[in-house]
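Residue numbers (the UniProt record's numbering): 1 to 233.
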């Protein structure tokens, strides 16, 4: 049994947890950046229907969607070193943080690639054809017509995916990463579990609110010209 609840301890534990917040934020930032790059690469075979690569990407996305991220984390953390041993590569000295970033980046990329594919397909093909008719190259059509509109369609989903990734990082401690949750687990030996987890929830909720506010401002900025045109009409 834990000790009697002490509300004041929440504020005692907050700074102790915040000292490890940079690790959590690093995981999110690195996973999102790497995931966007991998997701764009994965989206190309789907968009251009490249036969073999398309099927590989479909299986990869299906597997990612169909399995818990905790299992994916263990597969990468325990499985990759074993596979590399087959080619005489030893990664036992690699920090668990690296495996965590790889896992979350691959997870992010699978969902991001589908967001990109759906957003690009949502753009009216007639606009692209109009661009070709006035002599624009494929690169110009993609850069000036398709991508700007696709970005606006995809943006809300990317925002939700980023926030979801932040919350998923709470599992990183299971492979020994000392982030805010890992620190909370260590502080839990004091038996004031409730105060610790309340403090942790305040941190996560605060970050989510900041992200939501930032994304909302960015979305307003992206759509500012559309509103101007609508008002003029």
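Just so it is clear, CB atoms sit at the ideal spot from N, CA and C, and this is done for glycine as well. All values reported here derive from a predicted model rather than from experimental measurement.
Please state if the CB of residue j and the CB of residue i are separated by a distance shorter than 7 angstroms.
{"i": "residue 187", "j": "residue 5", "result": "no"}
{"i": "residue 50", "j": "residue 100", "result": "no"}
{"i": "residue 123", "j": "residue 150", "result": "yes"}
{"i": "residue 72", "j": "residue 103", "result": "yes"}
{"i": "residue 107", "j": "residue 56", "result": "no"}
{"i": "residue 77", "j": "residue 199", "result": "no"}
{"i": "residue 32", "j": "residue 96", "result": "no"}
{"i": "residue 34", "j": "residue 119", "result": "no"}
{"i": "residue 53", "j": "residue 192", "result": "no"}
Would you give the residue range spanned by the alpha helix (DSSP H) that residue i belongs to?
{"i": "residue 121", "result": "96-122"}
{"i": "residue 184", "result": "180-187"}
{"i": "residue 130", "result": "125-133"}
{"i": "residue 69", "result": "69-74"}
Specify the secondary structure class of residue i as computed by DSSP and reduced to three states.
{"i": "residue 162", "result": "helix"}
{"i": "residue 260", "result": "Past the boundaries of the shown model lies residue 260; the chain is included only from 1 to 233, so the question cannot be answered."}
{"i": "residue 24", "result": "helix"}
{"i": "residue 203", "result": "helix"}
{"i": "residue 56", "result": "helix"}
{"i": "residue 51", "result": "helix"}
{"i": "residue 230", "result": "Per-residue confidence for residue 230 stands at a pLDDT of 48, beneath the threshold of 50, marking its modelled position as unreliable; no derived number is given."}
{"i": "residue 1", "result": "Low confidence applies here, because residue 1 scores a pLDDT of 48, under 50, leaving its location unreliable; read the following figure in that light. Three-state DSSP puts residue 1 in coil, outside helix and strand."}
{"i": "residue 218", "result": "helix"}
{"i": "residue 138", "result": "helix"}
{"i": "residue 7", "result": "coil"}
{"i": "residue 169", "result": "helix"}
{"i": "residue 176", "result": "coil"}
{"i": "residue 157", "result": "helix"}
{"i": "residue 64", "result": "helix"}
Open item on the list: Does the structure place the segment 112-119 close enough to the segment 135-142 that three or more beta carbon pairs sit under 8 angstroms?
Closed with: no
Task: Touch test, the segment 177-186 against the segment 151-161, Cβ-Cβ under 8 angstroms, three pairs minimum - done: no
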